[in-house]
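Participant: So the sequence shown is numbered by this note's numbering: it starts at 531 and just counts up by one.
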Amino acid sequence: MQTAVNLWPLIGVAVIIVGFVLRFNPMLIVAVAAVVTALTAHFSPLQILDAIGNGFIKTRNIPLIILLPLAVIGLLERHGLRERAQSWIASIKAATAGRLLIVYLLVRELTAAVGLTGLGGHPQMVRPLIAPMTEGAAESRYGTLTDAVRYRLRAFAAATDNVGLFFGEDIFVAFGAIVLMTTFLREAGIEVEPIHVAVWGIPTAICALLVHGSRLYLLDRRLDRELGHVSGHRPGQTPAQTAGGESGRGGSFNAGTNANANANAEVNAQAEAKANTSATAAPNSPAAPGDQP
Numbered sequence: 531m532q533t534a535v536n537l538w539p540l541i542g543v544a545v546i547i548v549g550f551v552l553r554f555n556p557m558l559i560v561a562v563a564a565v566v567t568a569l570t571a572h573f574s575p576l577q578i579l580d581a582i583g584n585g586f587i588k589t590r591n592i593p594l595i596i597l598l599p600l601a602v603i604g605l606l607e608r609h610g611l612r613e614r615a616q617s618w619i620a621s622i623k624a625a626t627a628g629r630l631l632i633v634y635l636l637v638r639e640l641t642a643a644v645g646l647t648g649l650g651g652h653p654q655m656v657r658p659l660i661a662p663m664t665e666g667a668a669e670s671r672y673g674t675l676t677d678a679v680r681y682r683l684r685a686f687a688a689a690t691d692n693v694g695l696f697f698g699e700d701i702f703v704a705f706g707a708i709v710l711m712t713t714f715l716r717e718a719g720i721e722v723e724p725i726h727v728a729v730w731g732i733p734t735a736i737c738a739l740l741v742h743g744s745r746l747y748l749l750d751r752r753l754d755r756e757l758g759h760v761s762g763h764r765p766g767q768t769p770a771q772t773a774g775g776e777s778g779r780g781g782s783f784n785a786g787t788n789a790n791a792n793a794n795a796e797v798n799a800q801a802e803a804k805a806n807t808s809a810t811a812a813p814n815s816p817a818a819p820g821d822q823p
């Protein structure tokens, strides 16, 4: 005789969904969902505390692994890591936002393919280094950037990290997803080796590199169209050449303005001299007949 399955503990999933939709505190949502799930599973208060305590003891070292690198990165940012990254990339004349992100995409895929997934990431790599360097490369070519352009560059930097990690780690033979797929296929009666699954991830990674690399190339073209006319920069022209051209045009304009001003001053002086001559000769001239009393 089969026993009925208690589905009431699944209410915890609904609590999590509703909590995130209403944008409550994530830690509060998870804690409430855990308590609700335990209560619907007929746990006593002591059993709930025992389960929470055991889970905390087993995973108490994980917060240290996460928080310590974040503390180090925050300390480096406080001492000018972002500014130093921007100034360094600005000194490389050939660097553009798209080229920098293409290089990072390639490095991210290669390191993830050999299992070094921790070398990148949004908090430890994109925010303190990649995004500031991308903005610095754009500022060195186009000058001051608008907020919309800055947010677009940050979004491309984050997307580059995601694409490189997602398609690069599929090549690593010990990746969890590869092990899961291998196990699932074996349970279905299909014998396959993990190395074969990893090898067939290489064409996908190459396609992802080409597709996202083309998007980054088009990003440079778009920035040239949108910001090139604002800063006077033209594709293939360095900022120094742009500044020289602007100063030359400015000098010609100033010279023409000065010449016009001198000509106007000379005309005004001649008109004033004629007026003075007429005023001096007027008392000595005979009066008209109609002017006599």
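The beta carbon of each residue, even a glycine, is placed where N, CA and C say it ideally should be.
Computed from a predicted model, the values in this text were never measured in an experiment.
(1) In whole angstroms, what is the alpha-carbon distance linking F702 and A728?
(2) For E721, does the three-state DSSP call read helix, strand or coil?
(3) I need the DSSP call for I547, collapsed to helix, strand or coil.
(4) Taking R671 as the reference, give the member of E639, R612, V545, L753 with the closest Cα.
(5) Taking the alpha carbon of V834 as the reference point, which residue from T690, G648, V637 has its own alpha carbon closest?
(6) What residues in its chain sit with their C-beta under 7 Å from that of P662, if we drop five residues either side in the sequence?
(7) Write down every uninterrupted run of the alpha helix (DSSP H) in the segment 644-686 whose length is 4 residues or greater and which is fully enclosed by it, in chain order.
(8) Taking its Cβ as the centre, do 16 or more other Cβ atoms sit within 10 Å of T713, making it buried, or is it exposed?
(9) Buried or exposed: where does T589 fall if 16 or more other Cβ atoms within 10 Å of its Cβ makes it buried?
(10) Go ahead and pull the three-state DSSP assignment for T589.
(11) Using 8 Å for Cβ pairs, my map puts A563 next to I578. What's the rounded Cβ distance?
(12) Measuring only the C-alpha atoms, how far is T647 from A718?
(13) Quick one: grab the DSSP three-state call for L569.
(14) With a Cβ-Cβ cutoff of 9 Å, do E607 and F697 count as a contact?
(15) Among the candidates T664, G651, F586, G645, whose CA atom is the shortest distance from the CA of E699?
Facilitator: Straight from the coordinates:
(1) Taking the first residue of the sequence shown as position 1, residue 702 is located at position 172. Taking the first residue of the sequence shown as position 1, residue 728 is located at position 198. So the two alpha carbons sit approximately 6 Å from each other.
(2) Sequence index remark: in the sequence shown, residue 721 carries index 191 (1-based). Correct three-state label for E721: coil.
(3) The residue given as residue 547 occupies position 17 in the sequence shown. Looking at I547 - three-state DSSP - the assignment turns out to be helix.
(4) On the sequence shown, residue 671 is found 141 positions in, with the first residue counted as 1. Closest option to R671, Cα to Cα, is L753.
(5) As shown, the chain starts at 531 and ends at 823. That puts residue 834 outside it, with no answer to give.
(6) As a working note, residue 662 is residue 132 in the sequence shown. Counting only Cβ-Cβ distances below 7 Å, and skipping sequence neighbours, we find R612, A615, Q616.
(7) Counting only unbroken stretches of 4 or more residues, the alpha helix (DSSP H) elements lying wholly within the segment 644-686 are 661-672, in sequence order.
(8) As a working mapping, residue 713 is identified with position 183 in the sequence shown. Residue burial annotation: T713 is exposed, with fewer than 16 other C-beta atoms found within 10 angstroms of its C-beta.
(9) Looking up residue 589 in the sequence shown gives position 59. Exposed, by the Cβ-count rule.
(10) Within the sequence shown, residue 589 is the residue found at index 59, counting from 1. Coil.
(11) Indexing the sequence shown from 1 puts residue 563 at position 33. Indexing the sequence shown from 1 puts residue 578 at position 48. The C-beta separation of A563 from I578 comes to about 12 Å, leaving the pair out of contact by the 8 Å criterion.
(12) Indexing the sequence shown from 1 puts residue 647 at position 117. Indexing the sequence shown from 1 puts residue 718 at position 188. If I take the Cα positions, the gap works out to 30 Å.
(13) Position 39 of the sequence shown, counting from 1, holds the residue named residue 569. Correct three-state label for L569: helix.
(14) One-based indexing of the sequence shown puts residue 607 at position 77. One-based indexing of the sequence shown puts residue 697 at position 167. Not closer than 9 Å, so no.
(15) Taking the first residue of the sequence shown as 1, we reach residue 699 at position 169. Nearest C-alpha to E699: G645.
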